[in-house]
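The working numbering numbers the first residue of the sequence shown as 960 and each following residue consecutively.
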Amino acid sequence: MELHDENSFKIRGYQNAVFNLDKSDVDLTALGLQELEQLDGVGKGIAATIFEIATNGISEAMQQYFESTPEGIVELLDIKGIGPKKIKVLWKELGIESGHELKEAANSGLVAKLKGFGEKTQQTIIEALEFKEANANKLHYAEAELLSTEILEVLSTITEIEEASASGGLRRKLEVIDKIELLVAGDDFDKLEESISALEAFTQDMTNSGPKTWRGTYKEHLIPCEFTFTLSETYIKDLFLRTGSTQHLSVPVLEKNTLRMLANERSFASEEELYLAAGMDYIAPELREGAFEIQAAKNHSLPKLVEMDDLKGILHNHSTYSDGKHTLEQMAVYCKDLGYEYLGICDHSKSAFYANGLEENRVKDQHDEIDRLNEKLAPFKIFKGIESDILYDGQLDYDDDVLASFDFIVASVHSVLKMNKQKATQRLLTAIENPFTTILGHPTGRLLLRREGYPIDHKAVIDHCAKHNVVIEINANPWRLDLDWRWVHYAIEKGVMLSINPDAHQMNGYHHMRFGLLAGRKGGLTKEMTYNALTRDEISAQFEKKREQAKANA
Ligand SMILES: [Zn+2]
Ligand SMILES: [Zn+2]
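Pasting the structure below:
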């Protein structure tokens, strides 16, 4: 509608309706026209549109917008950093109708010359397009895991397949997956290839397939797949060789022998046996990156990785007090039902006006409700937290006496994400120095496949957290997984505890905990170094201690 100069009141009406409906649980397809009209922010006109979409899949107006907009323009709307108003200028004034054309125009400097654009916007556009290109067809781990389970299920209908399993980055649980890699065992490779290609869900890429490898895509989402065929006798060997990173397989382990050479030398009944033959302890697939794990396995000092059962509570969650979908009580009861001992509620602070952040008087209301619920739900406990915005200069956005009213503070950056490394790092260091900061939230602000994080000096940030007794979050949302697992080992070495936080904005968000756990395990995270593996009483004592110190220093 913005592209086509629609009435701005009408546009705002739709934005408002979407904002309200996004937060609610109603099943729009189940409601009649009159019921739809009763919904918050939905008037007669929008109700009719929703009803039309529920009945026909698309509304007539929407159909018309699509018909009068080039497909490339619709795609451009996806790019971070340029809104519909700018896209309209690009389209109407430069005749740009695709990402490719936009990139050419930006690279030749034409975009910067447009009114309201400039060099900076042009650079943002180039970077956003490059980022998009580099990430096309990639998946974050949670989605890849779901799809690979589905694919394995489909393949299980082929009787010639004796065994099949995830391999490669998928088995190592990397945060971003560029193809679904599976190892498939069977006697007759030609037959395997034929049977897979015969399945409707798969489309083979003939030119890139080989006698032992089926390459192609899955379903209409065009998910790249690579299935490697092997015999039952060589299944363990190939699974091993196709799991570890190149580095993991290339480090000398026995005199001059590498794990790769050892695996090719003779056959082993299991991966455990293979590591044993190398004089090493068994290394879990997610650790096989060629980092610290080889030496640790030789010294028999591999960490005992944290497990789901070790996690005692869920910190950093939102409710309807800010931008969450479910009420505080719903969030608490569901957390309790899942078997956790405590919940940390961390709605947005007052600077986050876009997310309905809490002004001081609403903080007080929430604390009163928490007190009431804690009586009702005991011994389960809700801790009073807040996700306090880190302002551009590193300050938190409440006064000390308000900060002191919380049990704990998660400090996060949500605005002014474009900073150079030095400034962004200094901003975090200042926030870490604040005596009230308990946990540093999503340290880089990255959104995997969507937005690069702001650049930070990880070492300096981790060292500063060690010095000021601040915990670092592993944000468990599959799009974030921030702190990156590559820094987990360093943090642990420095004695910095890590908190696996789902940043849930609805009850279902708790189930992301598992992905944060996997990211932590990839970096060697143990129960001892996991903050939310502390029991209710232990973490309560930690919060209290930090708060007393802060009050003394404030
Ligand atoms: Zn946040
Ligand atoms: Zn949050």
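Yeah, the Cβ is synthetic: ideal placement off N, Cα and C, and Gly gets one too.
Note that this is a predicted model, so its numbers are computed, not measured.
- Per DSSP, D1197 lies in no beta strand (DSSP E); the unbroken alpha helix (DSSP H) holding it starts and ends at Y1194 to L1200.
- Residues whose Cβ lies closer than 5 Å to any heavy atom of ligand 2, listed in chain order: E1346 and D1462.
- Residue nearest to S1281 within the set D1147, E1112 and D1306 is D1306 (criterion: CA-CA distance).
- Within 7 Å of the C-beta of S1308 there is not a single heavy atom belonging to ligand 1.
- Note that the stretch 1482-1491 touches the stretch 1256-1272; at least 3 beta-carbon pairs, one per stretch, sit closer than 8 Å.
- Note that the C-beta distance between Y1194 and E1112 is not below 8 Å.
- The stretch 1398-1415 and the stretch 1070-1077 do not touch, with fewer than three beta-carbon pairs separated by less than 8 Å.
- Sequence-distant Cβ neighbours of D1462 in its own chain, meaning closer than 6 Å and more than five residues away, are H1275, N1434 and N1436.
- Cβ contact annotation for L1213 (same chain, cutoff 8 Å, sequence separation greater than five): L1221, A1237 and G1238, in chain order.
- Restricting attention to D1422, R1439 and T1118, the CA atom closest to the CA of E1452 is found in D1422.
- Taking the Cα positions, K1047 is about 29 Å away from G1404.
- Shown here for E1052: same chain residues with a beta carbon closer than 8 Å to its own, the five before and five after excluded, namely L1073 in chain order.
- Secondary structure at H1307: strand, using DSSP grouped into helix, strand and coil.
- Under the 10 Å beta carbon count, M1456 is surrounded by 16 or more other beta carbons and is classified as buried.
- Boundaries of the alpha helix (DSSP H) around Y1024: E1019 to E1026.
- Relative to the non-hydrogen atoms of ligand 1, the Cβ of S1371 comes within a distance shorter than 7 Å of at least one.
- The DSSP-derived three-state label of V1292 is helix.
- Under the Cβ criterion (8 Å, minimum of three pairs), the stretch 1327-1343 counts as touching the stretch 1294-1302.
- With a cutoff of 7 Å, H1401 counts as near ligand 1, since its C-beta is closer than that to a heavy atom of the ligand.
- Taking the Cα positions, S1168 is about 27 Å away from S1226.
- Along the length of the stretch 1225-1308, whole alpha helix (DSSP H) runs at least 4 residues long occupy 1230-1236, 1252-1257 and 1287-1296, reported in chain order.
- Only buried fits G1175, as 16 or more other CB atoms lie within 10 angstroms of its CB.
- If you draw a straight line from the Cα of D964 to the Cα of N1393, it comes to about 47 Å.
- One Cα belongs to Q1023, the other to M960, and the distance between them is close to 11 Å.
- Counting only unbroken stretches of 4 or more residues, the alpha helix (DSSP H) elements lying wholly within the stretch 1428-1452 are 1447-1452, in sequence order.
- Rounded to the nearest angstrom, the gap between the Cα atoms of K1003 and N975 is 14 Å.
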